[in-house]
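The structure appears below as structure tokens.
Protein chains: 4
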Amino acid sequence: MNFASDNVMGASAPVLDAVVRANAGALPAYGADEITKRVERRLAEIFERDAAVFLVSTGTAANALALATLTPPWGLCLSHEEAHVIEDEFGAPEFYASGAKLAGLPGVGAKLAAGTVADYLERLKQGRRFMPPHALSIAQATECGLVYAPGEIAALAEVCRRHGLKLHMDGARFANGLVAAGCSPAELTWKAGVDILSFGGTKNGCLAAEAVIVFERGLADTLGYRVKRGGHVLSKSRLIAAQLEGYLAEDHWLESARHANRMAARLGAGLTEVPGVRLAWPVEANEVFPILPRALDRTLKAAGAVYHTWSDRSLPAGERVGPDEVLVRLVTSFATEEGAVDRLLLAAGRGGSRAAAE
Amino acid sequence: MNFASDNVMGASAPVLDAVVRANAGALPAYGADEITKRVERRLAEIFERDAAVFLVSTGTAANALALATLTPPWGLCLSHEEAHVIEDEFGAPEFYASGAKLAGLPGVGAKLAAGTVADYLERLKQGRRFMPPHALSIAQATECGLVYAPGEIAALAEVCRRHGLKLHMDGARFANGLVAAGCSPAELTWKAGVDILSFGGTKNGCLAAEAVIVFERGLADTLGYRVKRGGHVLSKSRLIAAQLEGYLAEDHWLESARHANRMAARLGAGLTEVPGVRLAWPVEANEVFPILPRALDRTLKAAGAVYHTWSDRSLPAGERVGPDEVLVRLVTSFATEEGAVDRLLLAAGRGGSRAAAE
Amino acid sequence: MNFASDNVMGASAPVLDAVVRANAGALPAYGADEITKRVERRLAEIFERDAAVFLVSTGTAANALALATLTPPWGLCLSHEEAHVIEDEFGAPEFYASGAKLAGLPGVGAKLAAGTVADYLERLKQGRRFMPPHALSIAQATECGLVYAPGEIAALAEVCRRHGLKLHMDGARFANGLVAAGCSPAELTWKAGVDILSFGGTKNGCLAAEAVIVFERGLADTLGYRVKRGGHVLSKSRLIAAQLEGYLAEDHWLESARHANRMAARLGAGLTEVPGVRLAWPVEANEVFPILPRALDRTLKAAGAVYHTWSDRSLPAGERVGPDEVLVRLVTSFATEEGAVDRLLLAAGRGGSRAAAE
Amino acid sequence: MNFASDNVMGASAPVLDAVVRANAGALPAYGADEITKRVERRLAEIFERDAAVFLVSTGTAANALALATLTPPWGLCLSHEEAHVIEDEFGAPEFYASGAKLAGLPGVGAKLAAGTVADYLERLKQGRRFMPPHALSIAQATECGLVYAPGEIAALAEVCRRHGLKLHMDGARFANGLVAAGCSPAELTWKAGVDILSFGGTKNGCLAAEAVIVFERGLADTLGYRVKRGGHVLSKSRLIAAQLEGYLAEDHWLESARHANRMAARLGAGLTEVPGVRLAWPVEANEVFPILPRALDRTLKAAGAVYHTWSDRSLPAGERVGPDEVLVRLVTSFATEEGAVDRLLLAAGRGGSRAAAE
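Protein chains in written order, with this note's numbering: chain A, 903 to 1260; chain B, 903 to 1260; chain C, 903 to 1260; chain D, 903 to 1260.
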């Protein structure tokens, strides 16, 4: 019952198979191999658009490289105040952007509203001395598991356009957000105004495979150099390319995400039936954020459930975690088994005898 | 007949098997997994010493992180003027060291003599305004395929100690250098005075696996943070750890290096028998640097041989590449087959009918 | 009636005279001159302690250099969310600290309470992934003109000590804060736990003269290099040193600050007598922050008064700026004449006929 | 007899007077004052061209800011291997350019020939992996006191244009070079192809006043932000502006440079008459580089002469400093008196009784 994160499992079978298949034979190094070219073509197909693609091994690298490309060292990049780029990347964006500043804005469920961003930018420009804003970064899904709909992204993109900002999407859980949004990859990104996407593969079944996808090629002029001097060009570049080839083949990536989201939905629905439990935010992708009685938290852990406590900074207005409660995060993945979900629900005493009877 | 580099092949079988084996089951992320711990213990065993170990996916990252740890932003790091850290890493060391400066010194075969370093440091200190020197970086093997013997390293380390510098070894081809030197890993590193080692696995049979090994733990205090903000901590950290586990098991890594070196020796010996061909530097590890008549170069390429031309800046005194000649580099690896070596020698017309008769 | 800032006037007469006097004759460059040495001795006398001193020409340089000395590139520096180092220095601290992050905390009047800092640090350490906090920076006086008493500083220093942080004081208006606090320079700084002080001279009567004073010499080891590579070592170093010599002679600096504070007190007291006007924060140093009816604001400007509108983010609980009001800042300096204060009050209609009658 | 540098004296009388005059009255801060605007207009007049101008207090800041503007963090800036930007600025260019690399090229008298630069660029592009070259920086006058003629600059600029590099001139001694070249400021800079000039005032009679002059305004887009986050915008900006106003009024700056050059010529001519003394490089601006017998060096120092020994790396082919000789540098300035020159020559025993008789 490991719900700690979607990075505790290895690769899915199709991804691992692709790595094994790609291992044979001599191939040019540093991204000049055929597998990399095929992945680039596959991504262009998926996103219905030619784009510049850079393969890297971590999401932090993808985000930091993307933000540095959009924001000069004296510039400002806006984001939610609980965004991964602000809270969890140990200053990687600031490092890659040579000292640029990340400004954190509030929003329920770690989601930014267009009005919040617009207000911030207006207020900023009334000040006398400010670093110029250059980019906005949003996470799909958010740190609280919420999904931006295409219309919401378009509204944010419109604010960006009006103020001269570029829009970055941190898609560490892009696939989960995508199948939740129920639209096409293009509709969720460049058609809605996203300029650069960190396209995550690792959490959804790869071992270490992320792609920075730059929809406007002109924005990518410096990115190749940034990746190199970050030490993020694998000499045996087939390693990342092969993972993505396996990942993207025959909609395997979408199937994996659908499974993870289904497991989260099952988990969330089950938990709401447990007395004393409520969800901090609705389950939209592959994360569930219940507020648990502390006694139940202890019971679940004793039963072997693994998960993390979570921040309560972005709760909806009026909601709060009581002194005898704890807000936790449960993450499902391509590898989560229905049995594990049900065992956790059983341990939680969902529906009394009903759960046991199932 | 691909002799372009030791990074054109995938992983050796034991390495790939280890990755496949490590894929199953849930494991803690970010380096807290058991495989990583086992690799750390294995390295301690191999180097006969407790050390701080950081696993990363590229040699550039390993080198840049190591040099940044040793050199403050206003400091100087000495190296051979043709060193990989100076010529081939697109400023990664300067990036990770926030602007520190690399100073290039001359030396035949890309090898630095203790006297050269000592003279440079003396001259430097006679100047009125200089950035303080903090580190020396040497490559094992060098860019021209030469190997530092333990005594040569100790002499350099003595100069370092006298002037307050730390000593880094770029071991992208550490295994090849080690089996050539015929001593123990400890004798080639910390016992000779090396403070930090970039321990390369990728070129010798891994897919993407390097370790920064800090022999004096006190030097490693900041390295964890540096790795994180460089975006070089894999969430599914088992990927690199598993490669190294397979690599280091039962001396597989040493066998691979011995094979590569044997193939290079065979290739070098054969080429010297070809009329008009001479070696720029002796074959000591897994690289061969013949000076070829241009006609022969064309013949070999027509026959399908793949390799790169090479720099002539570090030739021995008196040696030069004539107008009708070309200096090239041929690299062998764990995967180089004897047959490929012999086919190239045959194409080169080694020993006339003799080669054909073999 | 220019109350825009304390940097709109040139130098006070003693400061200018000192510059003129110091101009004659040959002196060693780059800080090796006798005047610099005398200033260092004078500062040691004033602060009752040997300290490392670095003279620079701007407050931004002083602050950025100090914070970079205390905070590594992967570290966190806490400050008030409206602090000059966060809002007004265009990323200079992040630049000098190679990407370190500044975290802004709330507090009425831009003043930080020890409890606020302690709570933040506790919460931070409950997170799973965070940049380590290394420094706290407070401004004396604050952006809203408030003064930290020695006891308040000591309470903050105690929190810092407990969590391993160093304490920096941005003393751009140190003299104004000092005479307001009514204690000794030592009591306001190192005796209360301040580790590094940006000692400002420019706003209080110099032209461009600030000193970074490091009370614990060990902390200053790298600062000399940082100043040099920032391009902040004047070759004709006498220029800054002479200003400070004139500034610090015979308590001229204290007299200037006392005058400025007196003018601010007079201005503040007068404004509170104007109907419809109230002060956002009490007048403690040389800045006055009235909330004005918009009509009065227009009247004052029409009468030739110069000043800036100000941020209302740090108002006391319950206070707010109404739709027909505006919050402004009026700054007095060593050069503010009583007549100018009274003319402004007259224009404001203070006390009706009474002001006119005076 | 202080010939240590042209920065050992204070300001010339017209410069100091201008500072004193500018001190009175309220002026807007941060460069918005009228004096700054007048200086910008005066420079446009002198250079016969509209240009973007940024006033800073040190030459190191001017150079580092200029080079950072021309060279991205992953780029290469070429310069002479003994250039001030490489040897004497403690990594300031690397700091401001966020890690860009400076490549040093050889040349007699610290002067670069167009052919040397062209050859370097050709060789660079034959390598497989290199940081892209973006800028060339030359010093006027050079570290060995030589002056680039407009034709020589144009030849370098042509190489730059062909390879896509921008051309920077480090004009710490621009005035001395200019009066030596005998052409107009425009002819020595933008008409010959210089893109950015560090226009030095400090060495030639200011206290701390340098201007970064960007002839192509488009290149200056980011420079304002760079200056701010470097902490190089004086709040009381009149200080630097006033110095330059005094400096540039009525050709005072040219007169000062002519005087300094005349004193250097007199000194150089006199020294060549001293037995055993020869000049390492011809005297072209305000620096004299004699190779002295060690005995004479001792005699001069005993007589009170102050000067520095100098590097012999850029001697003309065939020239060398013997074991009983020493290469030294003597610098003259606006403030050097003929009497001091003659006293030194007398101490050197120039022309025996003749010098005494003069």
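Cβ atoms here follow ideal geometry from the backbone N, Cα and C, with glycine treated the same way.
Discussion item. Quick check on this structure: which residue in His986/B, Leu1004/B, Ala1056/B, Pro1008/B has the alpha carbon closest to the alpha carbon of Phe1032/B?
Written reply: Mapped onto the second sequence, residue 1032/B falls at position 130. In terms of Cα proximity to Phe1032/B, the closest of His986/B, Leu1004/B, Ala1056/B, Pro1008/B is Leu1004/B.
Discussion item. Taking the straight line between their C-alpha atoms, what separation do you get for His986/D and Ala1041/D?
Written reply: By one-based count along the fourth sequence, residue 986/D stands at place 84. By one-based count along the fourth sequence, residue 1041/D stands at place 139. Across the structure, His986/D and Ala1041/D are spaced so that their CA atoms are roughly 8 Å apart.
Fill in: Asn904/C versus Phe1076/C: straight-line alpha-carbon distance, rounded
Position 2 of the third sequence, counted from the start, is the residue given in the question as residue 904/C. Position 174 of the third sequence, counted from the start, is the residue given in the question as residue 1076/C. Put simply, the backbone Cα of Asn904/C is about 22 Å away from that of Phe1076/C.
Worksheet item: Does the Cβ-Cβ distance between Leu957/A and Ile1142/A come in under 9 Å?
Response: Walking along the first sequence from the start, residue 957/A turns up at place 55. Walking along the first sequence from the start, residue 1142/A turns up at place 240. Going by C-beta atoms, Leu957/A is nearer than 9 Å to Ile1142/A.
Item to complete: Quickly, what does DSSP pair Asp1072/C with across the bridge? List them, please.
Response: For the purposes of this step, residue 1072/C is identified with residue 170 of the third sequence, where counting begins at 1. Asp1072/C pairs with Ala1041/C, Ser1100/C.
Worksheet item: Using 8 Å as the threshold, is the segment 974-992 of chain B in touch with the segment 1062-1075 of chain B, meaning 3 or more CB pairs across them?
Response: yes
Discussion item. Please list, in chain order, the residues of the segment 1154-1167 of chain C that have any C-beta partner in chain D closer than 7 Å.
Written reply: Flagged: no residues at all.
Discussion item. Spatial neighbours of Pro916/C within its chain, please: C-beta separation below 6 Å, excluding the five flanking residues on both sides.
Written reply: For this step, residue 916/C is matched to residue 14 along the third sequence. So the list reads Gly1148, His1154, once near-sequence residues are dropped.
Worksheet item: Going along chain A in order, which residues have a C-beta closer than 7 Å to the C-beta of Ser1216/C?
Response: Against the third sequence, residue 1216/C aligns to sequence position 314. What Ser1216/C touches in chain A: nothing, since even the nearest Cβ is about 14 Å away.
Worksheet item: Should Ser1137/D be flagged as near chain A, meaning a C-beta pair shorter than 9 Å?
Response: What you label residue 1137/D is simply residue 235 of the fourth sequence in a count that begins at 1. Output row for Ser1137/D: interface = no.
Worksheet item: Smallest Cα separation from Gly1095/C: which of Ala1051/C, Gly1126/C, Gly1102/C?
Response: In the third sequence, counting from the first residue as 1, residue 1095/C sits at position 193. Among Ala1051/C, Gly1126/C, Gly1102/C, the Cα nearest to that of Gly1095/C belongs to Ala1051/C.
Worksheet item: In terms of residues, what are the limits of the alpha helix (DSSP H) holding His1065/C?
Response: Within the third sequence, residue 1065/C is the residue found at index 163, counting from 1. Secondary structure note for His1065/C: its alpha helix (DSSP H) is the uninterrupted segment 1052-1065.
Worksheet item: In chain order, what residues of the same chain lie with their CB nearer than 6 Å to the CB of Gly1079/B, ignoring the 5 residues before and after it?
Response: Position 177 of the second sequence, counted from the start, is the residue given in the question as residue 1079/B. The residues are Gln1042, Ala1043, Val1049, Ala1187.
Discussion item. Less than 9 Å between the C-beta atoms of Leu1007/B and Pro1035/B, yes or no?
Written reply: Taking the second sequence and counting its residues from 1, the one referred to as residue 1007/B is at position 105. Taking the second sequence and counting its residues from 1, the one referred to as residue 1035/B is at position 133. Not in contact: Leu1007/B and Pro1035/B (Cβ atoms no closer than 9 Å).
Worksheet item: Any chance the segment 1123-1137 of chain C sits against the segment 1207-1215 of chain C, with 3 or more Cβ pairs inside 8 Å?
Response: no
Practice prompt. Measure from the alpha carbon of His1161/A to the alpha carbon of each residue in Ser1235/A, Gly1172/A, Tyr932/A, Thr1174/A, then state which is nearest.
Written response: For this step, residue 1161/A is matched to residue 259 along the first sequence. Among Ser1235/A, Gly1172/A, Tyr932/A, Thr1174/A, the Cα nearest to that of His1161/A belongs to Ser1235/A.
Worksheet entry | For Lys1138/D, three-class secondary structure by DSSP | Taking the first residue of the fourth sequence as 1, we reach residue 1138/D at position 236. If DSSP states are grouped into helix, strand and coil, Lys1138/D belongs with coil.
Worksheet item: Using the beta-carbon count (16 or more within 10 Å), is Lys1138/B buried or exposed?
Response: Position 236 of the second sequence holds residue 1138/B. Flag for Lys1138/B reads buried.
Practice prompt. List the residues of chain D that Arg940/B touches, going by C-beta distances under 9 Å, in chain order.
Written response: Numbered from its first residue, the second sequence carries residue 940/B at position 38. Residues of chain D passing the Cβ test: none, with the nearest at roughly 35 Å.
Worksheet item: At a Cβ cut of 9 Å, what residues of the segment 1228-1255 of chain D count as close to chain C, listed as they run along the chain?
Response: Ala1237
Fill in: Contact list for Thr1124/D against chain A, beta-carbon separation under 7 Å
Translated into the one-based positions of the fourth sequence, residue 1124/D becomes position 222. Going along chain A in sequence order, the residues near Thr1124/D (Cβ under 7 Å) are Pro974.
Worksheet entry | Buried versus exposed, by CB contacts within 10 Å (16 or more), Lys1027/D | The residue labelled residue 1027/D in the question sits at position 125 within the fourth sequence. When all chains shown are included, Lys1027/D counts as exposed.
Practice prompt. Starting from Ala1006/B, follow the beta strand (DSSP E) in both directions and report where the run begins and ends.
Written response: Within the second sequence, residue 1006/B is the residue found at index 104, counting from 1. As written in the sequence, residue 1006/B is Gly, which differs from the Ala given in the question. Segment 1003-1007, the beta strand (DSSP E) holding Gly1006/B.
Discussion item. Could you check whether Arg1119/D and Ala953/D sit closer than 9 Å to each other, using their CB atoms as the reference points?
Written reply: As a working mapping, residue 953/D is identified with position 51 in the fourth sequence. As a working mapping, residue 1119/D is identified with position 217 in the fourth sequence. Cβ distance < 9 Å, so Ala953/D and Arg1119/D count as in contact.
Discussion item. Short of 7 Å in beta carbon distance, which residues of its chain neighbour Ala999/D, apart from the five on each side in sequence? Order them along the chain.
Written reply: The residue labelled residue 999/D in the question sits at position 97 within the fourth sequence. Within the same chain, Ala999/D has close Cβ partners Leu969, Ala970, Thr973, Pro975.
Item to complete: Name the two residues that bound the continuous beta strand (DSSP E) containing Pro995/A.
Response: Residue 995/A sits at position 93 when you count from the first residue of the first sequence. Taken as a continuous stretch (DSSP letters only), Pro995/A belongs to no beta strand (DSSP E), being part of the alpha helix (DSSP H) at 994-998.
Worksheet item: In this structure, does DSSP put Pro1177/D in helix, strand or coil?
Response: For the purposes of this step, residue 1177/D is taken as residue 275 along the fourth sequence, with counting starting at 1. Pro1177/D: coil per DSSP, three-state reduction.
Worksheet item: Asp1021/C: buried (16+ other C-beta within 10 angstroms of its C-beta) or exposed?
Response: Mapped onto the third sequence, residue 1021/C falls at position 119. When all chains shown are included, Asp1021/C counts as exposed.
Worksheet item: Would the beta-carbon of Glu1189/A fall within 9 Å of that of Gly1047/A?
Response: Stepping through the first sequence from its first residue, residue 1189/A is reached at position 287. Stepping through the first sequence from its first residue, residue 1047/A is reached at position 145. In contact: Glu1189/A and Gly1047/A (Cβ atoms closer than 9 Å).
Worksheet item: Are the beta-carbon atoms of Glu950/D and Ser1086/D separated by less than 9 Å?
Response: Along the fourth sequence, one-based indexing puts residue 950/D at 48. Along the fourth sequence, one-based indexing puts residue 1086/D at 184. Yes, the Cβ-Cβ distance between Glu950/D and Ser1086/D is below 9 Å.
Practice prompt. Provide the residue span of the beta strand (DSSP E) that contains Arg1263/B, from first to last.
Written response: Residue coverage of chain B in this structure runs from 903 to 1260, which leaves residue 1263/B outside it and unanswerable.
Worksheet item: Using DSSP with H/G/I as helix, E/B as strand and the rest coil, what is Leu1247/A?
Response: Counting from one through the first sequence, the residue named residue 1247/A turns up at place 345. Correct three-state label for Leu1247/A: helix.
Worksheet item: For Val1230/C, which residues does DSSP report across the bridge?
Response: Locating residue 1230/C in the third sequence gives position 328, where the first residue counts as 1. Bridge partners of Val1230/C: Thr1211/C.
Worksheet item: What distance in whole Å lies between the Cβ atoms of Ala928/D and Val910/C, which are believed to be in contact at a cut-off of 8 Å?
Response: Position 8 of the third sequence holds residue 910/C. Position 26 of the fourth sequence holds residue 928/D. The pair is a contact, with the Cβ atoms about 4 Å apart (cut-off 8 Å).
Discussion item. Can you list, in chain order, the residues of its chain with a C-beta nearer than 8 Å to that of Ala1012/D? Leave out the 5 residues immediately preceding and following it.
Written reply: Here residue 1012/D refers to the residue found at position 110 of the fourth sequence. The answer, listed in chain order, is His982, Glu984, Ala985, Ala1041, Thr1044, Glu1045, Cys1046, Leu1048, Ser1216.
Worksheet entry | Where Leu1109/B meets chain A, residues with beta-carbon distance less than 7 Å | For the purposes of this step, residue 1109/B is taken as residue 207 along the second sequence, with counting starting at 1. In chain order: Lys1138, Leu1141.
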